[in-house]
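First residue of the sequence shown? That's 2 in the working numbering, and the numbers climb one at a time after it.
Backbone N, C-alpha and C define an ideal beta-carbon position, used for all residues, glycine too.
Given the structure is predicted, the values throughout are model-derived calculations rather than measurements.
Reviewing the structure listed below.
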Amino acid sequence: MAVVRVDEDLCTGCGVCSDMCPDVFELEDDVAKVRMEEVEDDLLDSVKEAAESCPVEAIIVEE
Ligand code: SF4
2 MAVVRVDEDL
12 CTGCGVCSDM
22 CPDVFELEDD
32 VAKVRMEEVE
42 DDLLDSVKEA
52 AESCPVEAII
62 VEE
């Protein structure tokens, strides 16, 4: 289980995270939002891949 956040000041709304992991991320008004309070372990690998792919390192994963 992990808490996942997006730094909205950094996010450019590129859509990489929501394309890679739509279960967790969605775009709202050109900013990525996390759809849940806590992310279950089975989604974490996909979240981490999205975080590594974020061009501005706006995704924060706290395990
Ligand atoms: Fe924002 Fe990063 Fe997601 Fe792109 S990949 S929408 S910059 S959080």
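Beta carbon of residue i nearer than 8 Å to that of residue j
i	j	result
residue 3	residue 38	no
residue 49	residue 62	yes
residue 7	residue 51	no
residue 22	residue 47	yes
residue 44	residue 30	no
Own chain, CB closer than 8 Å to residue i, minus 5 neighbours either side, in chain order
i	result
residue 27	19, 33, 34, 36
residue 41	2
DSSP-derived helix/strand/coil call for residue i
i	result
residue 29	strand
residue 5	strand
residue 41	coil
residue 50	helix
Other residues of its chain near residue i: CB distance less than 7 Å, five sequence neighbours each side excluded
i	result
residue 54	17, 21
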